[in-house]
Amino acid sequence: MCNMKYPFESIELKWQKYWKDKKVFKTDLTKVDNKLYVLVMFIYPSAAKMHIGHWYNYGPTDTFARYKKLKGFNVFEPIGYDAFGLPAENYAIKTGIHPQDSTLKNIKDIRTMLERMGGMYDWDAELMTCVPEYYKWNQWLFLQLYKKGLAYRKNAPVNWCPSCQTVLAREQVLADGGCERCGTTVIQKNLTQWFFKITEYADELLEGLNKIDWPEKTKTMQINWIGKSYGTEIDFAIEGSNEKIRVFTTRPDTLFGVTYVVLAPENELVQKITKPEYKDTVDKYIESIRSLTEVERTSTTKEKTGVPTGAYAINPINGEKVPIWIADYVLATYGTGCVMAVPGHDERDFEFAKKFNLPIKKVILQPGTKEEDELIEAYTDVGIMINSGKYNGLSSDMGIEKISDDIEKQGLGKRTVNYRLRDWLISRQRYWGTPIPIIHCDKCGEVPVPEDQLPVVLPYEVNFKPDGGSPLASCEEFIHTTCPKCGAPAKRDPDTMDTFVDSSWYYLRYLNPNYNDGMFDTELANRWVPVDVYVGGAEHATMHLLYARFIHKFLRDIGLVKSDEPFQKLIHQGTITNQGAKMSKSKGNVVDPNEFLSKYGSDVFRMYLMFMGPYELGGDWSDKGIVGVDRFVQRTYTLFENYKGIASDTQAKSKYEMNELSPDEKKIYQKVNQTLTKVETEIDNFRFNTAVAALMELLNELKNIDNCRKEIQLYTLERLASMLAPLAPHLAEECWSLLGKKKSIYEESVWFEADSEALVNETVTIVVQVNGKVRTKIELPVDTPEKDVRNFVFNDDKIKSYVDGKQIIKEIYVPNKIYNIVVK
RNA sequence: GCGAGAGUGGCGGAAUUGGUAGACGCGCUAGACUUAGGAUCUAGUGUCGCUUAGACGUGGGGGUUCGAGUCCCCCCUCUCGCACCA
Numbered sequence: 006m007c008n009m010k011y012p013f014e015s016i017e018l019k020w021q022k023y024w025k026d027k028k029v030f031k032t033d034l035t036k037v038d039n040k041l042y043v044l045v046m047f048i049y050p051s052a053a054k055m056h057i058g059h060w061y062n063y064g065p066t067d068t069f070a071r072y073k074k075l076k077g078f079n080v081f082e083p084i085g086y087d088a089f090g091l092p093a094e095n096y097a098i099k100t101g102i103h104p105q106d107s108t109l110k111n112i113k114d115i116r117t118m119l120e121r122m123g124g125m126y127d128w129d130a131e132l133m134t135c136v137p138e139y140y141k142w143n144q145w146l147f148l149q150l151y152k153k154g155l156a157y158r159k160n161a162p163v164n165w166c167p168s169c170q171t172v173l174a175r176e177q178v179l180a181d182g183g184c185e186r187c188g189t190t191v192i193q194k195n196l197t198q199w200f201f202k203i204t205e206y207a208d209e210l211l212e213g214l215n216k217i218d219w220p221e222k223t224k225t226m227q228i229n230w231i232g233k234s235y236g237t238e239i240d241f242a243i244e245g246s247n248e249k250i251r252v253f254t255t256r257p258d259t260l261f262g263v264t265y266v267v268l269a270p271e272n273e274l275v276q277k278i279t280k281p282e283y284k285d286t287v288d289k290y291i292e293s294i295r296s297l298t299e300v301e302r303t304s305t306t307k308e309k310t311g312v313p314t315g316a317y318a319i320n321p322i323n324g325e326k327v328p329i330w331i332a333d334y335v336l337a338t339y340g341t342g343c344v345m346a347v348p349g350h351d352e353r354d355f356e357f358a359k360k361f362n363l364p365i366k367k368v369i370l371q372p373g374t375k376e377e378d379e380l381i382e383a384y385t386d387v388g389i390m391i392n393s394g395k396y397n398g399l400s401s402d403m404g405i406e407k408i409s410d411d412i413e414k415q416g417l418g419k420r421t422v423n424y425r426l427r428d429w430l431i432s433r434q435r436y437w438g439t440p441i442p443i444i445h446c447d448k449c450g451e452v453p454v455p456e457d458q459l460p461v462v463l464p465y466e467v468n469f470k471p472d473g474g475s476p477l478a479s480c481e482e483f484i485h486t487t488c489p490k491c492g493a494p495a496k497r498d499p500d501t502m503d504t505f506v507d508s509s510w511y512y513l514r515y516l517n518p519n520y521n522d523g524m525f526d527t528e529l530a531n532r533w534v535p536v537d538v539y540v541g542g543a544e545h546a547t548m549h550l551l552y553a554r555f556i557h558k559f560l561r562d563i564g565l566v567k568s569d570e571p572f573q574k575l576i577h578q579g580t581i582t583n584q585g586a587k588m589s590k591s592k593g594n595v596v597d598p599n600e601f602l603s604k605y606g607s608d609v610f611r612m613y614l615m616f617m618g619p620y621e622l623g624g625d626w627s628d629k630g631i632v633g634v635d636r637f638v639q640r641t642y643t644l645f646e647n648y649k650g651i652a653s654d655t656q657a658k659s660k661y662e663m664n665e666l667s668p669d670e671k672k673i674y675q676k677v678n679q680t681l682t683k684v685e686t687e688i689d690n691f692r693f694n695t696a697v698a699a700l701m702e703l704l705n706e707l708k709n710i711d712n713c714r715k716e717i718q719l720y721t722l723e724r725l726a727s728m729l730a731p732l733a734p735h736l737a738e739e740c741w742s743l744l745g746k747k748k749s750i751y752e753e754s755v756w757f758e759a760d761s762e763a764l765v766n767e768t769v770t771i772v773v774q775v776n777g778k779v780r781t782k783i784e785l786p787v788d789t790p791e792k793d794v795r796n797f798v799f800n801d802d803k804i805k806s807y808v809d810g811k812q813i814i815k816e817i818y819v820p821n822k823i824y825n826i827v828v829k
């Protein structure tokens with residue numbers, strides 16, 4: 006018995022070099038039969054090290070890609086770097102190291118780690134977003150959007166992170182009001198900013214979800230984020246004024262129940278309609294609201310506040326006069342910023358009316374209650390309309406249609422659709438990003454940079470220390486230019502783009518990162534996109550994954566791609582935590598993979614990460630079980646060492662007849678083939694933990710492989726090496742060559758089909774139960790006729806002792822599984 | 001508060017359509033080989049009884065069923081997502 010320890014270091018290097026030298030993983034993109042685009046979200050090189058989370062993301066995905074390659078797919082698995090962004094710049098502010106220098110260095114280190122991991126990446130397709138060759142096309146994309154009116158500038162209240170010194174899109178603000186990147190509480194600021202009109206695609210983004218194979222949860226999040234709702238806009242006249250209040254409601258059926266109207270404090274009508282004697286309190290109230298953050302204001306737990314304006318509105322349906330209030334629970338940014346309040350049938354209005362003693366009117370009768378019953382809470386479901394004039398007696402869902410019809414007929418309003426989705430704020434007051442290709446000219450206004458002048462290169466020499474404004478604004482050489490239209494001196498836009506712009510189309514660029522004639526090679530994109538399997542964190546559900554879908558649809562509309570969606574199937578890996586907390590540098594609880602890599606090697610490490618549990622669940626980090634995987638690897642290596650060179654003088658058939666095998670051979674033969682199907686279905690479904698377990702079971706079963714004929718030994722070991730290859734690529738290559746194989750397992754894409762005849766066992770264990778309790782088990786040939794099974798069962802002494810003298814009520818036989826006798 | 005998911009040995013976790021609960025691994029126990037073992041191999045390992053028969057057992061309580069980790073109802077805990085969207 007040879008017991009040499011598996012020399013992972015030399016073996017891993019050896020095969021990495023082999024793959025690289027022979028370009029084993031270079032994908033021939035011209036071949037599209039059997040194409041499979043497997044993509045993992047590219048890496049953010051804010052630190053030189055790949056932590057456990059990266060390994061957990063990339064290792065298993067690579068295993069999936071490798072498995073598909075072995076199965077004969079033409080797999081494209083690229084990797085790249087999401088290289089722009091705040092952390093590099095913040096790091097620069099702290100240390101003085103230029104973002105470009107630190108980023109390029111980090112990329113170099115990460116590349117080394119990815120190679121060490123044994124990633125099957127096509128290194129010819131590698132890209133990074135911080136080079137002009139890439140970001141030039143961000144600018145080009147911007148200009149296309151601009152041409153179509155989908156990139157525009159507006160003055161708006163925006164989310165400002167005081168720490169990052171920049172604005173954030175709404176989805177980049179956390180639920181607790183913190184900044185997505187740094188956690189600092191975000192405040193509101195009024196600024197002119199660039200937006201992409203994602204709302205133009207709201208409906209399509211919603212509908213497209215039906216066509217893609219994504220986790221339901223993620224789709225739901227996007228649905229909620231888009232927040233489409235059907236309703237009616239209704240005009241309320243203002244007493245003694247020509248102004249009108251247009252409200253948006255999803256419940257026009259409750260129009261008779263309106264007892265007051267509420268405006269958002271920011272609504273411009275407020276200043277116009279407020280009665281002089283109320284002006285003081287209204288202004289004071291608005292001031293008090295301003296000091297609150299968005300989150301404080303919209304917190305559902307906070308008690309609602311508001312003040313009357315002294316003005317009155319006229320309910321168009323019955324001419325009733327109702328007071329106009331302003332309140333913080335009405336948002337200026339949703340609907341029309343005005344609400345008709347129906348306390349009887351809306352929880353928020355109910356709470357508000359109770360607090361300020363406003364009347365509550367019942368106009369929808371809850372089934373099973375009486376009209377005179379007092380409302381103790383708002384009734385928001387369907388019911389029978391009451392106190393509603395000619396609509397009385399109608400079901401309220403009918404009432405929605407009828408009242409909307411009548412409102413429309415009388416020109417008092419119209420049906421509309423509202424979205425929660427807002428346009429995507431893309432400007433950032435930061436240095437390390439793509440410059441916005443716009444020039445501001447005193448005479449011509451905003452002028453797009455002509456396409457032939459792209460890229461607008463990000464200058465290297467810039468003072469990027471924070472002083473409140475965009476760093477580029479103080480870079481004289483950059484900012485001063487001439488107007489492309491009139492030639493007069495003009496200024497460049499000093500802002501840079503959100504890095505989510507970069508990641509919205511990178512999957513198209515991978516196909517040819519050096520392409521010069523356009524944003525990407527359209528021909529290739531139409532053959533390879535959508536991405537077949539996309540793997541990445543669930544935290545991108547409403548950001549990256551929504552933006553990328555939007556940009557993809559836009560690119561389709563300008564004729565650059567034919568597909569509707571960028572990512573056909575989506576998988577989220579789980580999060581690896583440490584003692585229950587997310588690993589982060591600031592918490593100081595990051596686990597360094599290097600410790601394990603130097604002790605066990607990368608095959609063991611990546612296999613252990615897969616073995617820990619279900620991929621989509623993640624879990625708490627613990628190195629407790631890693632020795633188990635290491636032992637498995639050692640035993641496997643030893644086994645192959647013992648059969649060194651076996652392939653040189655032996656040949657295995659591709660299939661054996663079961664009856665020509667010895668008992669030991671048969672057992673092993675069956676197990677090998679059963680494992681083949683098991684490993685296939687498990688990896689196909691990203692269940693790596695059970696795939697590894699299946700291989701461990703197989704190895705345990707190979708105790709008696711010495712008793713097999715040589716050809717059966719070879720038959721077995723060939724298959725074991727092949728199944729091992731996706732999970733432990735270096736080890737498997739080594740084992741394969743130990744057998745005496747000349748070529749790499751991946752050069753030939755070795756995968757074996759299971760022999761279906763070996764999958765079923767000849768005998769089965771039939772569990773015999775009495776009253777549902779297991780009493781004995783009997784081993785019988787598969788498909789023994791029921792009457793024979795019954796005979797065996799009733800001749801069993803133990804069963805007899807349970808059944809004798811009792812009345813048999815029922816017998817249930819589930820073929821090849823269970824025989825249950827019910828007695829009394 | 002609303003929505004989604006989860007709760008299984010000392011631990012990580014397995015378990016087609018309801019059909020042997022605890023695969024695989026860690027840990028632990030005993031033994032073998034050894035100068036030694038924190039290496040390796042062999043056997044055992046849900047709990048109680050502990051030799052047997054057996055009883056109990058998948059967060060708690062109830063139900064459907066010949067049979068429930070799996071289906072239904074109620075409750076508890078945890079994780080994630082959304083936070084007044086009219």
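If you count the first sequence from 1, position 760 lands on 765 in my numbering, and the numbers rise without skipping.
Glycine residues also receive a C-beta, built at the ideal position from the N, C-alpha and C atoms.
Per DSSP, Phe253 is one residue of the beta strand (DSSP E) stretching across 249-254. Judged by beta-carbon spacing, Lys366 lies beyond the 7 Å limit of Gly394, meaning their Cβ atoms are not closer than that value. Within the segment 159-216, the complete beta strand (DSSP E) segments of 3 residues or longer fall at 171-173, 192-201, listed in chain order.
Straight-line measurement puts the Cα of Asp351 at about 33 Å from the Cα of His545. With contacts defined by Cβ atoms closer than 7 Å, Trp756 and Lys202 do not form a contacting pair. Here Glu816 is bridged, per DSSP, to Ile826. The Cβ atoms of Gly340 and Asn423 lie closer than 7 Å to each other. Membership of Lys22 in the alpha helix (DSSP H) is indicated by the continuous run 13-26. Residue burial is scored here from C-beta neighbours: Tyr140 has at least 16 other C-beta atoms within 10 angstroms and is therefore classed as buried. Distances from the CA of Lys708 to each of Asp689, Thr789, Glu670, Asn599 were compared; the closest alpha carbon is that of Glu670.
Gln193 is positioned such that its CB atom lies closer than 7 Å to that of Pro162. With fewer than 16 other beta carbons inside 10 angstroms of its own, Asp285 counts as exposed. By the Cβ neighbour-count rule, Met118 is buried, with 16 or more other Cβ atoms within 10 Å of its own. Residue environment for Pro372: exposed (fewer than 16 other C-beta atoms within 10 angstroms of its C-beta). Of the residues Gly213, Glu14, Lys22, the one whose Cα lies closest to the Cα of Ser749 is Lys22. For Trp626, no beta strand (DSSP E) run applies, since DSSP gives it neither H nor E. The C-alpha of Leu380 lies about 23 Å from the C-alpha of Asn323.
Given a length threshold of 4 residues, each whole run of the alpha helix (DSSP H) inside the segment 287-332 is given here in chain order: 299-303.
DSSP places Ala242 in the uninterrupted beta strand (DSSP E) bounded by 234-243. Our two residues, Lys676 and Val634, have alpha carbons roughly 20 Å apart in a direct line.
Closest in C-alpha terms to Met55, from the list Tyr42, Val596, Ser293, Tyr396, comes Val596. For the 7 Å CB-CB criterion, Asn320 and Val263 form a contact. Under the three-pair Cβ rule at 8 Å, the segment 676-686 counts as touching the segment 695-715. With a 10 Å radius around the Cβ and a threshold of 16 neighbouring Cβ atoms, Thr32 comes out buried.
If you look at Leu41, you'll find it in the beta strand (DSSP E) that goes 40-45.
Within the segment 39-125, the complete beta strand (DSSP E) segments of 3 residues or longer fall at 40-45, 79-81, listed in chain order.
Going by DSSP, Thr223 is part of the alpha helix (DSSP H) stretching over 221-231.
Check the Cα spacing between Glu17 and each of Asn647, Leu703, Ser603: the tightest is with Ser603.
Contact between Gln573 and Glu621 is ruled out by a C-beta separation of about 17 Å, above the 8 Å threshold. DSSP, read as helix, strand or coil, puts Gly349 in helix. When C-alpha distances from Val819 are compared across Ile771, Ile813, Asn776, the shortest belongs to Ile771. Contact check for Ile441 against Asp500 passes: the beta carbons are separated by less than 7 Å. Taking 4 residues as the minimum length, the alpha helix (DSSP H) runs contained wholly in the segment 648-688 are 651-654, in order along the chain.
Counting C-beta pairs closer than 8 Å gives fewer than three between the segment 351-365 and the segment 270-290, which falls short of the contact rule.
Secondary structure note for Thr487: its beta strand (DSSP E) is the uninterrupted segment 485-487. CA-CA distance, Leu551 to Leu426, rounds to 11 Å.
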